[in-house]
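Enquirer: I'd like to ask you about the structure that follows.
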Amino acid sequence: MNSRLPRYALFAATAATAVVAGAALVPLPAMADTTGPNLSYVVNAVSKERTAEAAAAVTAAGGTVTMSYAQIGVVIARSTNPSFVQAVKGAAHGDAVLSVGATRTAALPAMAEDTEAVDDYTPDAMENATRQSDMVLIGARAAHEVSLGSSSVTVGVLDDGIDANHQDLAPVVDQSKSVNCVGTGAPDTTPGAWRPTSLTADYHGTHVAGTIASAKNGVGIVGVAPGVKLASIKVVNSDGFIYPEYAICGFVWAAEHGIQVTNNSYYIDPWLYWCESQADQAPVVEAVRRAVGYTTEHGILNVAAAGNENQDLANKTVDTTSPDDTNPVRRTLDPSCLDLPAELPGVVTVSSTTQPTVPATAVGPWAPGLTTQPARSSFSSFGLGAVDVAAPGSSIYSTSPSTGVSSYRTLSGTSMASPHVAGVAALLVSKHPGATPDYIAELLRKQAIPLACPTSGTDYTQGRCKVDPANPNVNGFFGYGLVNAYKAVTEAEDVTAPTVAVTGVTQGQQITLGVPVTPGCTTTDAGSGVAKAATLSVTGGPKVGYFTATCSGGRDRAGNTAAPVSVTYQVVFGWRDFGSPINVGKLNVVKAGSAVPVKFGLSGNQGLNVFSGGTPAVRTVACDTSAPQDQVESTVTAGSSSLTYDAASDQYTYVWKTQKDQAKTCGRLVVTLIDGTTHTADFMFN
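Reading the sequence shown from the start, the letters are residues -32 to -1, 1 to 654 in mature numbering (1 follows the signal peptide of the UniProt record, and there is no 0).
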C-alpha cells in the first residue's frame, strides 16, 4: 500500500447541490459569478467567541455554512466563488475571520458520498487461532490473563466504518456513540450511517477495529483490549478520501461523546503533508489542530499511524504525490509541513514492525534475545522525534466485513500498527481511569520494549535510523520501542492521591474584620505529577462569623483525586469592651427596674444588626458577694431596649431595661454578636 487508506475514482461534479447519505439537502447560494469549482473550506474564527460572526462573514460572502463548530472556532463552508477566501475576509464581519483555506482541490461531487449497494465478500476460511503472533509480540495474550479492559472505556475508530454484525465486533460496538462525518462535515446520526458503505471496498475500519477490541468470545480472533467498547466514527468517503472537514467532525464528536482513545489510521487528504508556510494549507492545519486540541482537553488520547511512504518524517524534503484528489505536483517541503494528524502535538505516532515467528504456545511479550528482533516494516515511515512507539503492522490478521458469515483477512500497513497501540492505550485507561492523555502517552513510551537500530542492510549503511543522543534506547525507527500490553496491565501504578492543603488561614484562627485574609490551595504530587490543582471554595459570612475554606478537586496525572480538605476560621468585629458605667472586672450593682446604658465598640459602624438572635440576654447566676463591687450610678430613663451608634465616639449604646422582679438577685448580661463572639458582664440587682 502506498497510502494508509486505498484511493478510488472520484465522482464528477455535475450539479450545484450536495447530498449526504441519510442527511438533508444543503442548497448552495445562487451567485451571479459561479465560475469556479464547488469547493469546501475551513474558516477559522479569531476566537471561539466570534464563531457566529465568522459564519456570518461566510454568508455575506455568498458561501454556504454547512457546519459551525463554536467549540473550536471553526466554520465549514462551501462556495463556487474562485475568490472566496478574499471575499470572506472582506465581507461584513470579516474581522472575525483569522484564516480561510480550501479542504480539497477537486470539485465536490454532485452526489457526494452516495450510498453504494452492499457487496458480498467470500470469507477467509483459514484457521484463526494461530494467526495472531502480533498479540504475542506485544504481550496482549499474557495481558488477557490479567485484564481484558473496562467496558466503561470507548475507543473511537475514525475510519471507513465498522461492520458491527461481525461475530467478533457485535458485542463491542457502541452504536449510540457511532456517527457518520462524511459529506458536509456535519455529524450524521442516521441509524447505520456509520457502517461501511461497501463490504468489499470498505474493509479498512473493520480490520482496524478487530485489532483493537475483537471480543474474547471463543470464536474468531481476540483484540488487544477485548473488554472495551468501540465507536465507529466514519470519516472516509466512498472514494477513500479523508477530507479535513470529516476529520474535524470526527474529533469534535469523540470529544463530546464519552470516548477516551481514538485511532487514526490515515492521513488527511488531499495533501500528504500540509504546510503551514503555504497560505492555502495553513488554515487547515490550524483547524485540525484546534479539533485535536479539543479532544485532548476532554481527556482523549489520539493514536495515529506514521504512514506507509517509507519517509523520514523528521527530514521531509520532497512530495510528488499531492494533491491526491486531482493532479499531483512536485513540491519542496520545509519543517512546517506536517502529516495530519500524526504530527500534531499530543498525538501518539506509531511506526510498523515485522512479525518474527513465535512459538505456538508463547504468550509474550517479546523480549530482546528471545527471538529475532522485529524489524521496521519496509513501507513504514519513521523519524527521530516523530515516532513515539512501534507495533506490528506487517501481515496482520483481523476482522473483515461480510454478509452472512464473519470473515477475516491479512493486511499490512502502519494502519495495522496503530490500532495495536490504541488497544494498549485502552488497557492503560482501564487501569488508570481519569488519567490525563499525556500520562497515558508517557506510560506507552515508558513501558515499551526498546528496539535497536539495524546493524546491517541498506537502512544501516545509509544511516537512516537516528538515535536520540540523550537516550540511546530511543531512535527514529521505533521511538521508545515495541508497545507492551502486558506491562500496561501489570506494572506498578501510582495510587497515591495528591497532597492538598489550605493556605492563608489555619484551623480555628480568629481574624479581626479589616485584616486581609487570603485563603488559597496548594496541590503537590511526587508520583505522576499534578494534572489539576485543587480549587478553593469559601462558605460562611458574608462579612463576619465562621468561614470554611475548602480545597477540592485536586487530581494527579494518573487519575487519583485528593479528598477535600477544609479549614474553619472566624472573622470577628474589632470588639472594644464594655465602657463606663459598666466595669467588666467587677460585680456591677444596679437598681432593679432601671435602664443601664451598655456601651461598646466594634471598630467602626457595622450597622445595627450586630446582635445574634436571642441576645442580649440575662442569665441568673449565684451572687458572689466576695467579688469586688462597683455601683452603677449612670442610668437612663426606662423605656424599650434599643441599640444606637455614635460616629463621633465610634461607640454603640444598648439601652438595657432591667426588671424590678430581679431585685435581690444576680445576673450575667450576655451579648453574642453575629460574628460568633460572646461578651459578658456580671450584675447584682438591689
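We put the CB at the ideal spot given by N, CA and C, even for glycine. It should be emphasised that the depicted structure is a prediction, and the values quoted were computed from it without experimental measurement.
Would you tell me roughly how many angstroms separate the C-alpha atoms of A274 and A390, rounded to the nearest one?
Expert: For A274 and A390, the distance between alpha carbons rounds to 13 Å.
Enquirer: Ends of the alpha helix (DSSP H) at S368?
Expert: From DSSP, S368 is part of no alpha helix (DSSP H) but of the beta strand (DSSP E) over I364 to S368.
Enquirer: Measure the beta-carbon distance from Y365 to Q100 and round it to whole angstroms, keeping in mind my assumption that it falls under 8 Å.
Expert: Yes, Y365 and Q100 are in contact; Cβ-Cβ is about 6 Å, under 8 Å.
Enquirer: P369 and P164 look like a contact to me (Cβ under 8 Å); what is the Cβ gap, rounded to whole Å?
Expert: Confirmed, Cβ separation roughly 5 Å.
Enquirer: Do you know offhand how far V468's Cα is from V442's?
Expert: The alpha-carbon atoms of V468 and V442 are separated by roughly 36 Å.
Enquirer: I need the DSSP call for V204, collapsed to helix, strand or coil.
Expert: Coil.
Enquirer: What does the alpha-carbon distance come out to for the pair I227 and S47?
Expert: The straight-line gap from Cα to Cα measures roughly 33 Å.
Enquirer: Does I189 come within less than 9 Å of chain E when only Cβ atoms are used?
Expert: Of the chains in the structure shown, none is chain E; there is only one protein chain.
Enquirer: In or out: A(-3) buried (at least 16 other Cβ within 10 Å) or exposed?
Expert: Residue confidence for A(-3) is low, a pLDDT of 39 falling below 50, so the modelled location carries little weight and cannot support an answer.
Enquirer: Comparing C-alpha positions only, which one of R523, L641 and K455 sits nearest to W543?
Expert: Here the closest residue by C-alpha is L641.
Enquirer: What residue range does the beta strand (DSSP E) around P565 cover?
Expert: A563 to G569 is the extent of the beta strand (DSSP E) around P565.
Enquirer: Return yes when the Cβ of S120 is within less than 9 Å of the Cβ of V271, no when it is not.
Expert: Not a contact, by the Cβ cut-off of 9 Å.
Enquirer: Figure out for me which residue from V318, K57, A335 and V43 has the closest Cα to the Cα of A154.
Expert: It is V43.
Enquirer: Buried or exposed for L338, going by 16 or more other Cβ atoms inside 10 Å?
Expert: Exposed, since its Cβ has fewer than 16 Cβ neighbours within 10 Å.
Enquirer: Measure the CB-CB distance between L269 and L198 and report whether it falls below 9 Å.
Expert: The answer is no: Cβ separation not under 9 Å.
Enquirer: What distance in whole Å lies between the Cβ atoms of V639 and T583, which are believed to be in contact at a cut-off of 8 Å?
Expert: Sure, about 6 Å apart at Cβ, within 8 Å.
Enquirer: Using DSSP with H/G/I as helix, E/B as strand and the rest coil, what is G58?
Expert: It is helical.
Enquirer: What are the boundary residues of the beta strand (DSSP E) that includes P387?
Expert: Per DSSP, P387 belongs to no beta strand (DSSP E); it is in the alpha helix (DSSP H), T382 to K399.
Enquirer: Tell me the rounded alpha-carbon separation between L301 and F209.
Expert: Their backbone Cα atoms lie some 22 Å apart in a straight line.
Enquirer: In angstroms, rounded to a whole number, what distance separates the CA positions of K284 and E224?
Expert: Taking the straight line joining both Cα atoms gives about 35 Å.
Enquirer: How big is the Cα-Cα spacing for E382 and N6?
Expert: The amino acid at residue 382 is misidentified as Glu; the sequence shows Thr. Looking at the two C-alpha atoms, the distance is approximately 33 Å.
Enquirer: Output the boundary residues of the beta strand (DSSP E) element that contains K455.
Expert: Taken as a continuous stretch (DSSP letters only), K455 belongs to no beta strand (DSSP E), being part of the alpha helix (DSSP H) at A453 to T458.
Enquirer: Where DSSP assigns a beta bridge to F350, which residues make up the other side?
Expert: Its beta-bridge partners are D280.
Enquirer: At what residue ranges does the segment 290 to 331 contain a whole run of the beta strand (DSSP E), taking only runs of 3 or more?
Expert: Complete beta strand (DSSP E) runs here, min 3: 297 to 300 and 316 to 321.
Enquirer: Are three or more beta carbon pairs between the segment 444 to 458 and the segment 102 to 116 nearer than 8 Å?
Expert: Yes, they touch.
Enquirer: Is there contact here, the segment 514 to 528 with the segment 551 to 558, by at least three beta-carbon pairs under 8 Å?
Expert: Touching, no.
Enquirer: Within 10 Å of its beta-carbon, does G482 have 16 or more other beta-carbons around it, so buried, or fewer, so exposed?
Expert: It is exposed - the Cβ of G482 has fewer than 16 other Cβ atoms within 10 Å.
Enquirer: How would you call S424, buried or exposed, if buried means at least 16 neighbouring beta carbons within 10 angstroms?
Expert: Its Cβ having fewer than 16 others within 10 Å, S424 is exposed.
Enquirer: Nearest to I40 by CA position, among A595, K16 and D280, is which residue?
Expert: The residue with the shortest Cα to Cα distance from I40 is K16.
Enquirer: How is the beta strand (DSSP E) around H647 delimited, first residue to last?
Expert: Looking at the DSSP string, the run of the beta strand (DSSP E) that includes H647 is T646 to F653.
Enquirer: Tell me which same chain residues have a C-beta within less than 6 Å of the C-beta of Y(-25), skipping the five on either side of it?
Expert: Only weak support exists for where Y(-25) lies, its pLDDT of 28 falling under 50; the value from the coordinates is given anyway. So the qualifying residues of the chain are D207 and G208.
Enquirer: For N551, write down the residues that DSSP places opposite it in a beta bridge.
Expert: According to DSSP, N551 bridges with nothing at all.
Enquirer: Determine the DSSP secondary structure at A(-9), reduced to helix, strand or coil.
Expert: In this predicted model, A(-9) has a pLDDT of only 32, less than 50, meaning its place in the structure is not dependable enough to derive any value.
Enquirer: Under the three-state reduction of DSSP, which class applies to I216: helix, strand or coil?
Expert: Helix at I216.
Enquirer: When you compare each of A501, T122 and T152 to V141 by their alpha carbons, which one comes out closest?
Expert: It is T122 whose Cα lies nearest to the Cα of V141.
Enquirer: Once you ignore the five residues that flank W239 on each side, which residues in its own chain have a CB closer than 7 Å to its CB?
Expert: Excluding residues within five positions, the ones whose Cβ falls inside 7 Å are Q249, S290 and P291.
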